[in-house]
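**Q** Note that the sequence shown covers residues 879 to 961 in the working numbering.
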Amino acid sequence: MVRYLVSFGLFAILVALLAVGLGHDPRRIPSPLIGKPAPQFSLPELAHPERTLSRKDLLGKVTLFNVWASWCVSCRDEMRVLD
């Protein structure tokens with residue numbers, strides 16, 4: 879009898895963990911940076927290297943910063959989509 883109770887308890891825990899996992903939205907990516915201001919930066923513009931781009935230039939605009947590495951295969955695939 880005790881063996882069945884232990885088996886049922888383990889099964890109930892497994893079902894509960896599965897239910898909690900299925901309740902999460904897979905499209906939501908938690909990040910501690912969401913809602914925080916971007917750090918100060920100064921970068922040369924690609925089209926005009928003599929000009930710089932800073933955080934102040936982008937205030938009030940929706941901007942996507944994608945940081946990637948040339949050695950990262952999935953980053954290279956993603957870059958083709960963003961071009």
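We put the CB at the ideal spot given by N, CA and C, even for glycine. All of these numbers come straight from a predicted model, not from anything done at the bench.
With the cut-off set at 9 Å, would you say Ser-932 and Leu-921 are in Cβ contact?
**A** A contact, by the Cβ cut-off of 9 Å.
**Q** Do Trp-946 and Met-957 have their CB atoms nearer than 9 Å?
**A** In contact: Trp-946 and Met-957 (Cβ atoms closer than 9 Å).
**Q** For Ala-916 versus Leu-936, is the C-beta spacing smaller than 9 Å?
**A** Taking 9 Å as the Cβ cut-off, Ala-916 and Leu-936 qualify as a contacting pair.
**Q** Can you pull the DSSP bridge partners for Leu-921?
**A** Its beta-bridge partners are Leu-931.
**Q** In terms of residues, what are the limits of the alpha helix (DSSP H) holding Asp-903?
**A** Here Asp-903 belongs to no alpha helix (DSSP H), and DSSP marks it neither H nor E.
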